[in-house]
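K.L.:
Numbering (my numbering), first residue to last: 26 to 1055.
Every residue, glycine too, gets a C-beta built ideally from N, C-alpha and C.
(1) Could you work out which residue in 1038, 883, 726, 319 is closest to residue 780 when comparing CA atoms only?
(2) According to the neighbour-count rule (16 or more other Cβ atoms, all chains shown, within 10 Å of its Cβ), is residue 57 buried or exposed?
(3) Once you ignore the five residues that flank residue 583 on each side, which residues in its own chain have a CB closer than 7 angstroms to its CB?
(4) In three-state DSSP terms, what is residue 392?
(5) Is the stretch 261 to 276 close to the stretch 823 to 841, with three or more CB pairs under 8 angstroms?
(6) Round the Cβ separation of residue 460 and residue 431 to the nearest angstrom and send it over; I've been treating them as touching at under 8 angstroms.
(7) Within its chain, find whatever has a CB closer than 6 angstroms to the CB of residue 679; leave out the 5 residues flanking it on each side and keep chain order.
(8) When you compare only the Cα positions, how much space is there between residue 922 and residue 883?
(9) Is the stretch 1000 to 1017 touching the stretch 349 to 359, taking contact as three or more C-beta pairs under 8 angstroms?
(10) Which partner residues does residue 978 have in the DSSP bridge list?
(11) Specify, as a first and last residue, the run of the alpha helix (DSSP H) that residue 1030 falls within.
(12) Given 8 angstroms as the limit, is there contact between the stretch 647 to 665 and the stretch 616 to 628, that is, 3 or more CB pairs closer than that?
(13) Just the Cα atoms here: how many angstroms apart are residue 713 and residue 307?
(14) Any heavy atom of the ligand SAM closer than 6 angstroms to the beta-carbon of residue 678?
(15) Relative to the alpha-carbon of residue 493, which residue among 248, 449, 515, 525 has its alpha-carbon at the smallest distance?
(16) Out of 902, 965, 942, 849, which has the shortest C-alpha to C-alpha gap to residue 888?
(17) Could you say which of 289, 800, 380, 773 lies nearest to residue 697 if we only look at CA atoms?
(18) Taking only the alpha-carbon atoms, compute the straight-line gap between residue 1045 and residue 311 and give it to the nearest angstrom.
(19) Pull up the DSSP beta-bridge partners for residue 512, would you.
(20) Grab the span of the beta strand (DSSP E) containing residue 676 for me, first residue to last.
(21) Using the DSSP secondary-structure output, state which residues sit across from residue 795 in a beta bridge.
(22) Is the beta carbon of residue 513 closer than 7 angstroms to that of residue 592?
(23) For the structure I just gave you, are there three or more beta carbon pairs, one from the stretch 654 to 667 and one from the stretch 733 to 749, closer than 8 angstroms?
(24) Drop a sphere of 10 angstroms on the beta-carbon of residue 65, count the other beta-carbons inside from all chains shown, and report buried for 16 or more, exposed for fewer.
(25) Classify residue 942 as helix, strand or coil using the three-state DSSP reduction.
(26) Count the CB pairs spanning the stretch 474 to 483 and the stretch 494 to 513 that are closer than 8 angstroms, and state whether there are at least three.
(27) Using the Cα positions of residue 608 and residue 709, report the straight-line distance between them to the nearest angstrom.
(28) Would you tell me roughly how many angstroms separate the C-alpha atoms of residue 1001 and residue 1033, rounded to the nearest one?
(29) Where residue 812 and residue 757 are concerned, what is the direct C-alpha to C-alpha distance, given to the nearest angstrom?
(30) Considering only DSSP beta bridges, list what residue 254 is partnered with.
(31) According to DSSP, which residues form a beta bridge with residue 221?
(32) How many angstroms separate the CA atom of residue 325 from the CA atom of residue 979?
(33) For residue 5, list the residues DSSP reports as bridge partners.
(34) Since residue 318 contacts residue 825 with CB under 8 angstroms, what's their CB separation in whole angstroms?
(35) Any idea if residue 423 is buried or exposed, counting beta-carbon neighbours within 10 angstroms, 16 or more meaning buried?
(36) How many whole angstroms separate the CB atoms of residue 875 and residue 973, which I take to be in contact at a CB cut-off of 8 angstroms?
Next up, the structure:
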């Protein structure tokens, strides 16, 4: 579920607003009290007035509904209970008195051991253990395992709530307590039932324990090594430390910016050195990154040299051998097209093939398999309608069929592909909102079928019948109509066949709203049930021999927040497939969340069937706007989940125990063995900063790695069945595409537990080809090649990270430091006032890079910025740049700083002064570049090339010395930029597959009205000559 919102501005309603701005940007904050006559007025902050992305007047009713109505008092109480009870629990550990509340069996005396692998223990409530405490609750908390832990973190979730006739509420809550002490960790998972008095501020009266589970770890499962691996990249701080929210409204709007941040990652050996490399898709304007894996397990950026530094927004990415030459080609999803980048065998990808899609809806994920058994890999692309929130919305919410058709590209050989989805039966009458697919033998007949995960409704299962397909989700029990976003496959219950994990949205708020007695009371019970299903969480679809059964709730792994690309991963190496679930949609500046509004006013208003639904459409627009252009979150600040497999199809929430319950807006997770030590690692990809986290697995039991090779490349689609001496059978398959827009390693890591003995391996290569290998030892990597009778043995390497302290990924702050224009803007005929009363055209300063610095004499940040620049005068002159300070006209609220003038700093050029209409012209230029943007602090700097073309904008959010260094580095680049080239790729360090262009024709009449006639004339002429506009 996401918005593919593209910022596209229309100028007609903007012109009049620009003519009225001026005073808005010079006023002190509205909530500031007026200055008293006897005291000097406080110095206000001078800003360039922003331009909001406003909704029509009807949005006021949705804004008012952000807080539940009085008739929805139980929902308001639920939020209050969650916050207050978490504080209450944490206070108990700090020694606070529990007050007048009574408790019964919250911390039972007796627990039964459910799981113990020597490092991790899981204990659950024993029979008849729910007895009232005989001592003070604080004394009970001193019992093991909590006595060694200080200050645990409490998380409370209200599962059910009801109003009492006598006043107040009764609620069932789910409690998670997490605490660490050195390498050890403990986690409590419990359900309590309590009563509260009061309405607006419920007061706790009593609590009763219902169930109770304690997990303990002696050692962690992971160490984070992110900065050990990625910290040497010179763009970490300005790029990977930041998230999509940091580039939001600071990216050229002519780029298709993707605010939801669902961006892919591929893993494969790009340069043939035997080490797995990474390709990270990026939002438009940032180059895609090829991280080349070095022998010391750090990375180098090989994007430019490989020809893969694309500045276009790309989503799905796969490393696969598409031409059968043994090296890894790269397939990228760029909007509605697929772009095939052919590897020349040396890690260079200069040759490309475009597979042109229809319409404008983008391809999100890609999966590959030899579906027709002709010896080469075919491609399937899942598509999701564009402009979901700002345009058409999924209707009805629970069964949306107004989506878009997916694509299936059949490999015809010799680098040629045909789109044959309809021809082979991979289309259905109901077009859905598809996120991801996986190729798996769903009916166990020996060939690969296709499972497609859809948002807002039923999934699809296409059975392979000799190269043509038949949709059979209903007959197999694989419909799972929910908010599906990711998929992974493993043997979750140890019965020797593969089960399916579908990442679905879990919303406790949604469950409460839907279960309320007045929810769509006059509507269809079947529709209410479907809405309940959409909030129910992950689906674990276990194979029972002929069909699949939904078992996540019984298995204990359904909750996962706003789940994205969950994956199975046996991180403790005991042979049981654990789960890691990335979570969180949009974390805003505030904890306040639109989740409740979404369920109460959007989902509840959906029609039962497709048809006009204006209130429903408006609700989508409102919640999208509040989270995208305001400080609110939308299912934000959610921790990632980790589920420990206890065997026999049961899981325990071990999120805190894993120390991987990050608050990032995570999207994808993939399995790999980065350091080659035979232990499973996890790589996480986030929407928010940091974009990447690499978790080194510390293991538990013994492992073995199996690498399958066919025709010199990973054997995509092949399956391994491994039999241990104790009779256990472990099964894995090589996938190209799993999770969400992710690609896990084709090297299969099997956890074996202790003392596994010798292993027997069967490989099913597909198309009826099988091979057996006996007597393989554990603790090795075995490379098995199609057609060769022997498996080749390779040892594991000791990890260079062993014994080092963890190096967590650093997140950035303050937003993106600059905007690089995708298409230059000619500003030579823009004139600004000189101090002597005349006006100067920027073209008068042509011949060298020019930095226009808009400042205010009332701004302390302006003063410090110019001081930093003055300190770098020598470097600036060496770089060949010029600086022109431009003072924005001050109002009385902005007194000048005494005895300070940037002209005294000897920049070799006297400053200019902008009047009100000049500031309005600047705002018009910013609107064309940024679309909507917030108020901008000063100084704001514009960098032009030697021909007075604008190439970049710099903001005041970055620290002074860092900003100065960045500007100097960019001036050096711009000095050698071709002034006749409209592109800015030398500055953005990338290349465009398709470069966007400016809409100068639309801006020209606006500039004419604002008095910039010469500039308007140039824009109109450039547009007419084909240099921008439509």
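P.N.:
With the given structure in hand:
(1) Looking at the Cα atoms, 726 is the closest of the given residues.
(2) Note on residue 57: pLDDT 36, under 50, position unreliable in the model; no value is reported.
(3) So the list reads 531, 561, 562, 563, 577, once near-sequence residues are dropped.
(4) Residue 392 carries a strand assignment under DSSP once its states are collapsed to helix, strand and coil.
(5) When C-beta atoms of the stretch 261 to 276 are compared with those of the stretch 823 to 841, three or more pairs fall below 8 angstroms, so the two segments count as touching.
(6) Going by Cβ atoms, the distance from residue 460 to residue 431 rounds to 10 angstroms, so no, they are not a contact pair.
(7) Hits under 6 angstroms: 240, 667, 669.
(8) Only weak support exists for where residue 922 lies, its pLDDT of 41 falling under 50; the coordinates are left without a value.
(9) No, they do not touch.
(10) Residue pairing for residue 978: DSSP places it in a beta bridge opposite 844, 967.
(11) Counting along the chain, residue 1030 sits inside the alpha helix (DSSP H) bounded by residues 1025 to 1034.
(12) Because the criterion of three Cβ pairs below 8 angstroms is met, the stretch 647 to 665 and the stretch 616 to 628 touch.
(13) Cα to Cα, the separation comes out at about 12 angstroms.
(14) As presented, the structure is devoid of all ligands, the ligand SAM included, so that no description of it is given.
(15) Of the listed residues, the one whose Cα sits closest to residue 493 is 449.
(16) Comparing alpha carbon positions, the residue from 902, 965, 942, 849 closest to residue 888 is 965.
(17) For residue 697, the nearest C-alpha among the options comes from 773.
(18) A straight line joining the alpha-carbon of residue 1045 with that of residue 311 spans about 29 angstroms.
(19) Note: residue 512 sits in a beta bridge opposite 527, 764.
(20) Start and end: 675 to 678.
(21) Under DSSP, residue 795 takes part in a beta bridge, and its partners are 789.
(22) Going by beta carbons, residue 592 and residue 513 fall inside the 7 angstroms limit.
(23) No, the stretch 654 to 667 does not touch the stretch 733 to 749.
(24) Annotation note: pLDDT 38 at residue 65 (below 50); position unreliable, no value reported.
(25) Judged by DSSP in its simplified three-state form, residue 942 adopts helix.
(26) Because the criterion of three Cβ pairs below 8 angstroms is met, the stretch 474 to 483 and the stretch 494 to 513 touch.
(27) Per the coordinates, the alpha-carbon of residue 608 lies some 11 angstroms from the alpha-carbon of residue 709.
(28) Rounded to the nearest angstrom, the two C-alpha atoms are 33 angstroms apart.
(29) Using only the alpha carbons, I get a separation of about 20 angstroms.
(30) Beta-bridge pairing by DSSP links residue 254 to no other residue.
(31) The partner list for residue 221 (beta bridge, DSSP) reads 194, 229.
(32) Roughly 27 angstroms between the two C-alpha positions.
(33) The question about residue 5 has no answer, for the chain in this structure spans 26 to 1055.
(34) That pair is no contact at about 13 angstroms.
(35) With at least 16 other beta carbons inside 10 angstroms of its own, residue 423 counts as buried.
(36) Contact flag correct, Cβ pair sits at about 7 angstroms.
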